[in-house]
Structure formats: structure tokens, C-alpha cells
Amino acid sequence: MEQMQEIIRERAMQYAEEAFAEHEEEVSEAFHYIMTCRFVARQSGLLALDEIAEDWKEENEIPLKSLLIGMVQEIVDAPGVDVWEGKACRWILESGYSGYEWYIANLYVTGCKNLYMGNRHTQYYLLCREMVPERWLEDFDDYWESWTKEDQERHQAHIEDWVRYVFPREAAIRAAFHRRFGEMEPEGLQRILEELPDKILAAALAGAGEALRNRFLEQMSVEQRRDIMEEWYQNRSDEYSLRDIEKAMERMTMAAGLMGTL
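All the letters of the sequence shown, read from the start, carry residue numbers 0 to 261 under numbering that gives the first Met the number 0.
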């Protein structure tokens with residue numbers, strides 16, 4: 000593996016001057032697509048790369064498009080970085096690339112590997128900078144600065160969109176949960192307690208208000224109350240995530256609707 004990587008890197012650096020002098024636009028595009036991958040993975044996780052790779056199949060301006068799309072799609076399913084890297088390196092070495100294409104291929108495999116490993120932007124920047132010929136370093140630094148600024152702006156916009164969506168959604172889920180079960184008759188509460196797993200009940204009630212939580216506890220058998228409290232105790236270190244609580248509340252509310260409980 001390391002030998003294959005070194006062969007690719009050596010060939011890439013042989014054509015680094017040619018890549019920047021005669022194919023600067025292609026190199027810039029290659030950087031753009033790798034950085035786009037990094038942004039998508041940062042915001043939505045590695046699984047989101049599969050969707051973006053599918054979208055790219057219609058693009059015409061991607062340098063070595065099939066290589067990049069193949070690498071990105073493999074990231075989603077690869078069981079480990081070594082497996083992914085070995086396959087990617089073999090693709091490159093068997094491809095028949097020539098000249099500046101080696102530089103772009105090396106850029107892709109380096110970028111995707113660092114993306115897969117979750118390396119920080121600063122680490123990736125320094126690694127890329129080592130591959131830039133000296134007389135283009137200033138241009139590269141300017142490019143990186145502009146991309147970093149754009150990335151930060153997009154990240155901030157993403158956070159603001161998330162806040163606008165998530166908080167009202169959380170409030171709506173909790174309001175529906177409290178409204179449904181706060182007004183429910185004891186018989187309905189008992190049916191819910193009989194039908195749903197204790198793990199679901201424990202997660203939902205962990206996020207409920209004290210009054211509603213006590214309503215449910217009053218309707219439980221001694222054994223169930225003990226089991227629910229044991230669930231709470233076992234989660235005292237990790238705690239319930241907001242998503243765990245929301246999912247459990249949604250499931251309880253849906254179950255109540257399906258049962259027609261009052």
C-alpha cells in the first residue's frame with residue numbers, strides 16, 4: 000500500500016509544474032470538488048457523499064470525473080481506510096494516466112483519504128501546500144483563504160438554518176406529547192405502558208415534565224416502575240440525546256393515536 004502511494008506521489012510531483020503552468024483551471028476545479036466533498040461530509044456526514052456523487056454524473060467539467068466519483072462512492076461503503084485506499088491506488092496505477100493527470104489523481108486520493116479520516120482543514124491545507132510548486136504558493140494560499148472564508152460563511156448559514164428548523168420542531172414534538180398524555184385518562188396511560196417497550200417509555204419520559212412523568216409512574220406496576228428507573232439510572236453517564244427523546248416521544252404519540260386512547 001505505502002509503495003503504491005509513493006509511486007503515485009512521485010509521478011504526481013514530476014508533473015506538478017506542468018499541472019500549474021498549463022492546466023491551472025483543471026487543478027483549480029479538482030481542488031474545488033474535493034473541498035466540496037469536505038464541506039458536505041462536515042455538514043451531513045459521509046453518507047451524504049453518495050448523493051453528491053450521483054449528482055456529479057451529469058457534470059461535464061470535473062477533471063478525471065470517473066475516478067473522483069468512484070472514490071467518493073467507495074468512501075460510503077468502505078469498511079476501513081486501508082481497504083478504500085488500496086482500491087483507489089490500484090485504480091490510479093491501472094488507469095493509464097499521463098502528465099498532469101497524475102497530479103490530479105494524487106490530489107484526489109490524498110483529499111479523499113483525509114476526508115475519510117476526518118482530518119482538520121489545517122492538516123489538509125499543509126499537506127496540499129507541500130504539493131504546490133514554489134512559484135504558485137501565493138496563489139494557492141489566496142485560493143485557500145477564499146475557500147475557507149466561503150466555507151465558514153456556508154457553515155454559519157447551515158447552523159442558522161438548523162436552528163430555525165430544529166428548535167420549533169422540538170417544541171412541537173414536546174407540546175404534542177404533553178397535550179396527548181397530559182389529558183389522557185388513566186386507562187389510556189395503562190394501555191400505552193402495556194404496549195410499548197420500557198426503553199421507549201424511559202427515553203420519552205426522561206424528557207417529559209415532572210408532572211407528566213409522575214402521572215405515568217403512578218400507573219405503573221411496581222416491577223415496571225423499577226425497570227424504568229433502572230433504565231434512567233443506566234443512562235446517567237451517557238444521558239439521553241435530544242434525538243433519542245424526540246424519537247421516543249414521537250413513537251409514543253403515534254402509538255396512542257393508533258390505539259385510539261383517550
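Heads up, the beta-carbon is just placed ideally off N, CA and C, and yes, glycines get one too.
Residue i and residue j closer than 9 Å at C-beta
{"i": "L45", "j": "Y142", "result": "no"}
{"i": "W101", "j": "Y232", "result": "no"}
{"i": "L262", "j": "I33", "result": "Since the first and last residues shown for the chain are 0 and 261, residue 262 lies out of range."}
{"i": "G206", "j": "L257", "result": "no"}
{"i": "R250", "j": "L195", "result": "yes"}
{"i": "M248", "j": "R178", "result": "no"}
{"i": "I189", "j": "Q218", "result": "In the sequence on display, residue 189 carries Gln and not Ile. It is a contact, given that the beta carbons lie within the stated cut-off."}
{"i": "Y99", "j": "H22", "result": "yes"}
Secondary structure of residue i, DSSP reduced to three states
{"i": "V131", "result": "coil"}
{"i": "H177", "result": "helix"}
{"i": "Y32", "result": "helix"}
{"i": "H157", "result": "helix"}
{"i": "G85", "result": "helix"}
{"i": "I61", "result": "coil"}
{"i": "M219", "result": "coil"}
{"i": "M258", "result": "helix"}
{"i": "G187", "result": "helix"}
{"i": "Y232", "result": "helix"}
{"i": "E238", "result": "coil"}
{"i": "P196", "result": "coil"}
{"i": "E182", "result": "coil"}
{"i": "A207", "result": "coil"}
{"i": "G44", "result": "coil"}
{"i": "A77", "result": "coil"}
{"i": "Y14", "result": "coil"}
{"i": "K246", "result": "helix"}
C-alpha distance - residue i paired with residue j, whole-angstrom precision
{"i": "D263", "j": "V131", "result": "One cannot answer for residue 263 here, as it falls past the ends of the chain, which runs 0 to 261."}
{"i": "L106", "j": "K64", "result": "13 Å"}
{"i": "W83", "j": "Q2", "result": "15 Å"}
{"i": "R153", "j": "A11", "result": "32 Å"}
{"i": "A202", "j": "T121", "result": "39 Å"}
{"i": "V221", "j": "N213", "result": "14 Å"}
{"i": "E169", "j": "L136", "result": "48 Å"}
{"i": "E9", "j": "S145", "result": "29 Å"}
{"i": "I91", "j": "A156", "result": "37 Å"}
{"i": "A77", "j": "Y96", "result": "24 Å"}
{"i": "E60", "j": "C127", "result": "22 Å"}
{"i": "R225", "j": "D197", "result": "10 Å"}
{"i": "Q42", "j": "V80", "result": "20 Å"}
{"i": "I312", "j": "R163", "result": "Because the chain is modelled from 0 through 261, residue 312 falls outside the range shown and cannot be assessed."}
{"i": "L273", "j": "A255", "result": "Outside the displayed span of the chain (0 to 261) sits residue 273, for which this structure offers no information."}
{"i": "V165", "j": "I244", "result": "14 Å"}
{"i": "G181", "j": "D160", "result": "32 Å"}
{"i": "A171", "j": "S27", "result": "45 Å"}
{"i": "E149", "j": "R37", "result": "13 Å"}
{"i": "A210", "j": "P185", "result": "14 Å"}
{"i": "E93", "j": "I7", "result": "11 Å"}
{"i": "R134", "j": "G117", "result": "30 Å"}
Close-in-space but distant-in-sequence residues of the same chain around residue i (CB under 8 Å, 5 per side omitted)
{"i": "E58", "result": "K64"}
{"i": "I74", "result": "L45, L48, W83, C111, L114 and Y115"}
{"i": "Q223", "result": "L192 and D197"}
Residues near residue i in its chain [Cβ-Cβ closer than 6 Å; skip 5 each side]
{"i": "A87", "result": "M70 and V108"}
{"i": "A29", "result": "P62, I103 and L106"}
{"i": "A47", "result": "V39"}
{"i": "E16", "result": "P132"}
{"i": "F176", "result": "M248 and T252"}
{"i": "I51", "result": "V39"}
{"i": "Y239", "result": "A202 and A205"}
{"i": "A18", "result": "V26, Y99 and Y102"}
Which runs of the alpha helix (DSSP H) fall wholly inside the stretch 93-151 and span at least 4 residues, in chain order? Those alpha helix (DSSP H) runs which fall completely within the stretch 93-151 and span 4+ residues are 100-116 and 120-128.
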